[in-house]
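The block underneath contains the structure these notes are about, expressed in C-alpha cells.
Numbering (our numbering), first residue to last: 5 to 916.
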C-alpha cells in the first residue's frame, strides 16, 4: 500500500465518503500530494476486495483518443463480449481491439461504458472508479465517462484535479448522485516532510534546514523534494540563519534538476517527453541508448518499465519540454516522426516540426483526423482537421475549406454547436459552389439541433439550395430532404420531400436512409395537407429502412398509426426504436421516442403508463437541456385528464407565453389545445371556445388540413353548444365531417356520433335516432382502443337521456360512464358524470355482494394479473381462481375479463 505521511485524517474522511458512495474530489496545486492520496485510496480499495477501475492520464496523452478509457476499462474487458452488438462494436473499434469497418457512434461507446460499469456493480464486489489528474483526460474518454457516471448504479468515485474550490468539478461530479466531498489537499508540516524525504530520496536533513525549505516551499511536497536535491548539490549546506542560495519557484527548481543530469541523459529524456507515449521501441529507433535513462531514473524523475518510460510527475515532463530550445525541439520532433510506426503519432510529430504550410504534412493530419472520427472521437478529430487546414497551402483554396468544414462537422457531431456554427459560416463566406452549399447546410443543421428559431434553419437551408451548382443533383436532393423537416407548412414540406425523393432515387447506399426518410416526410405532409394517404409511400419507406429507421422520419409511422388509433402498432414501433437508441446511447433520440410513447399511451387511455414514460422523458430532457416544452405539455395534458385542472392550466399559460416569445408555431398550437381542453374541463366553456377558435385559425393559416395529433373538433362543438353558439358548432361539425370523410378513424367515428347527439339535444330535437347511432358507433370501436372516447359517448348519451327525462336510461349510461372514467383514471370526466347523476336524483342501486376471496381475486384480475400470478399471491390454486372468477362474472352480470375493470370501478363508485 502506498505510504502517505501526515494525511491520516484526510484519508479517513475520503474513505468514509467512498464507502457511502459520495463522490470525492481531491484538489490542490501541482505537487501538493493529490496523486499520493489518490493512490492510497486506490490501494485501500484493492485491499478491501473492491473492483477498481482506474486511470491516470498524462498531459501528453490528452490527444490520444480513448487512452484513459482503455486503462480504466481493462479490468472489465472480459465483459465486452456480452454487450449489445452496437456497444460491443463501438468498444472494440475505439480501443483498437478490432478493425473499424464503419464510423463509431461515440454515443454507443458511452452507453457501452455505462453498461460495463453496471455489469461490474451488479456483482458482489464494490466498484471504485478512480481518475487521477482529470484535466488531462482525452476528450473522448471524458465524454464517455461523464455519460456513464451520471447513469451508472451506485459506484464509488474518486477524482483528483489541479486547482482550488473555485475550479468547476471535473466529470460533473457535483451533479452525480450523492453529496460530493471536495477535499483541498493542504501543505505538509516539517514532521511529515521529514518522512517524505527519507522515504522518497533516502535523505535526512537537520530540522533547522528542513524548516527553511518547508517555509520557502510553502509545504509543497514535490517542491520540498526538489529543493532538497538542490541543497544537496551545493558545495556545502547553508549555515543556520543563511538564506537558500536559489529561488524556490517550481519551474526554476525543476529546470535545475533536469539541467543537472548528464548531457546524454538529458537528450534521452527530451525525446521521451516529446512522445505521447514514450515507448522503449520508439526511443531505441530514435537512437536512444536505454542506459542513458539511468541517471534520470536514479534521480526519481522517471521509471523505465517493461515497454515504456513513465515520468514520476507530470511537472517533470513539462519541465523537460520547457527546457528545449525551439529549433532543437523541431529537429527532435522530425527525428521522432521519421521512426515512429504509429501513423497518428507520426502526424502529431510532423505537425510540431513545421512552421510553414506543407501539403504533405496537412494530408497526414487529415488522414489521422479521419481515423479518429471513425473511431468515435470527433473532438480530437476536429483539432486535427483544424491543424491540417492551417498547414494547407493557399492553393487550391477549396482544399483548405474542405478541411475546415470537416472540422466544423466534427464540432457539430460532438455537440459543440457554437464553434461549429461559426466555422460553417466562415467556410460558406469564403467558398462557393458545393463547398458553400455544404457549409450552409451544416449551419442549418446546427440551428435545428441547437433549438434556434425554425426560420433560421429553413432560411439557411434555402441558401444552401441556391448555392448548389446542379439543382437536380443528389446534393440538392439531400438539402431538399432537410428542408422537408425544417418547414412547418405542409405544402412547403411536401414539395421539398417530393424533390428529395426524385433526386435521391438511385443514389449510393449512403443516401438510402435519407431517401427512406424523405418518403416518410412526403407521406406525412401529404396527409397533413389534406391529401388522401398514399400507403404505398409508407410501405416503400419501411422496406428501404432495414433494421435501423431513418433519423429524418423514423417516428412518422408511429405518429400515423397513433392517428388512426392503431396504438399497438405505434407502441411496438416506438419501443423497438427506443431499444435501439438505448443500445446506441443516443439520448436525444431516446428523449424524442419517450415523448411519442407517452403521448401514445395517453391517447390509448393508459394513464399510469403515460405518467411513467412522460416522467422518463422529462428527466432525460432536464439532463439534455431540451427546454422541456413537449414533455411539459404532455404532463399538463395528462394532468387535465386526471382532474388536476389548475396545474394543467398553469402549464398551458406558461407554454403560450413561451411560444409567443420565441415565435414557435408548433408550441403555440399544442398549448392552445391544452388551454382549450383545460377550460372545458374547468367549466369555462366560453374560454374553451375562444381557444379552439384560435387553434383552428393557426392550423388553417399554416395549411394544416389534417393535424394528425390533434382531435379538437368535438370538444370545440361541446364548448360552442354550452355557450349557445350553435352556428359555430354546426360549422365545426362540417369541418369534422370533412376530416372523417377524408380519413375515417375510430376517433372520428365516435366524435361525429357524439357531436350529432349533443347538438340534437341542444336544439330540442328528438335525439333518439342520434343516440342510437351513438350506441352503434360505440359498439363498433373495441373497448381497449379508445376507452376515454367510448366513455365520453356514454356521458353524452346520459346527458341526452336526462334532458329527454328518460331517467332510467340516463342513470344506466351515466353510471357506466362514471365507472369507465374511474377505471382509466379520468377523474375530471368522472366528476362530470357523477354531477350529471346527481341532477337525476334517486338512489343508485348497491353493488352485488362478493365474498372476501371473490373481491381479492376480482381486483387482481382487473389489474391484469394472470390466474397463475393471482394464485401465487393469494396462496390458492389456479382452479380456485377460475372458480371465483366464474362466480364474480355471474354476480356482476359480465362475461369476460375485458369487462372486469369497468365493473369493479362501478362497484367502487356505488359503494360508499
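Ideal Cβ placement from N, Cα and C applies to all residues, glycine included.
If you're wondering where the values come from, they're calculated on a predicted model, not measured in any experiment.
Please determine whether the Cβ atom of residue i lies at a distance below 8 angstroms from any heavy atom of the ligand ADP.
i	result
residue 455	In the structure shown, the ligand ADP is absent, as is every other ligand, since no ligand is present at all.
Let's test the definition: count the other Cβ atoms within 10 Å of the Cβ of residue i and tell me whether it reaches 16, buried, or not, exposed.
i	result
residue 349	buried
residue 51	exposed
residue 776	exposed
residue 267	exposed
residue 9	buried
residue 590	buried
residue 784	exposed
residue 713	exposed
residue 101	exposed
residue 916	Its pLDDT being 38, under 50, residue 916 is placed unreliably in this model, and the coordinates cannot settle the point.
residue 788	exposed
residue 344	buried
residue 523	buried
From residue i to residue j, what distance separates their C-alpha atoms?
i	j	result
residue 514	residue 91	22 angstroms
residue 395	residue 551	42 angstroms
residue 154	residue 845	58 angstroms
residue 471	residue 418	27 angstroms
residue 177	residue 483	41 angstroms
residue 873	residue 854	21 angstroms
residue 271	residue 354	19 angstroms
residue 263	residue 200	24 angstroms
residue 125	residue 306	35 angstroms
residue 313	residue 291	15 angstroms
residue 849	residue 815	Only weak support exists for where residue 849 lies, its pLDDT of 47 falling under 50; the value from the coordinates is given anyway. Their Cα atoms are separated by approximately 10 angstroms.
residue 460	residue 448	7 angstroms
residue 576	residue 710	24 angstroms
residue 530	residue 72	51 angstroms
residue 727	residue 654	24 angstroms
residue 682	residue 879	46 angstroms
residue 752	residue 797	12 angstroms
Could you have a look at residue i and say whether DSSP puts it in helix, strand or coil?
i	result
residue 665	helix
residue 418	coil
residue 59	strand
residue 849	Note on residue 849: pLDDT 47, under 50, position unreliable in the model; no value is reported.
residue 515	helix
residue 896	helix
residue 749	coil
residue 20	helix
residue 855	coil
residue 101	coil
residue 636	helix
residue 206	coil
residue 766	helix
residue 861	helix
residue 36	coil
residue 804	helix
residue 31	strand
residue 775	helix
residue 787	coil
Determine, using beta carbons only, whether residue i and residue j come nearer to each other than 9 angstroms.
i	j	result
residue 621	residue 606	no
residue 48	residue 189	no
residue 434	residue 411	no
residue 45	residue 133	no
residue 609	residue 828	yes
residue 144	residue 380	yes
residue 121	residue 152	yes
residue 652	residue 689	no
residue 383	residue 147	yes
residue 232	residue 207	yes
**Prompt:** Which ranges does the beta strand (DSSP E) cover as unbroken runs of at least 3 residues, wholly within the region 298-362, from first to last along the chain?
**Reply:** 306-308, 313-315
**Request:** List in chain order: all unbroken alpha helix (DSSP H) runs of 4+ residues lying wholly within the region 369-441.
**Result:** 382-394, 401-417, 421-434
**Prompt:** Residue ranges of each alpha helix (DSSP H) run of no fewer than 4 residues wholly in the region 657-704, ordered along the chain?
**Reply:** 669-685
**Asked** Considering only residues of the region 466-552, which uninterrupted alpha helix (DSSP H) runs meet the minimum length of 4 residues and lie entirely inside it, listed in chain order?
**Response** 478-490, 494-508, 516-532, 539-549
**Item:** Complete runs of the alpha helix (DSSP H) confined to the region 214-282 [at least 4 residues]
**Value:** 225-236, 254-263, 267-278
**Message:** My parser needs the alpha helix (DSSP H) runs of 4 or more residues fully inside the region 549-632; what are they?
**Reply:** 560-567, 571-588, 591-607, 611-628
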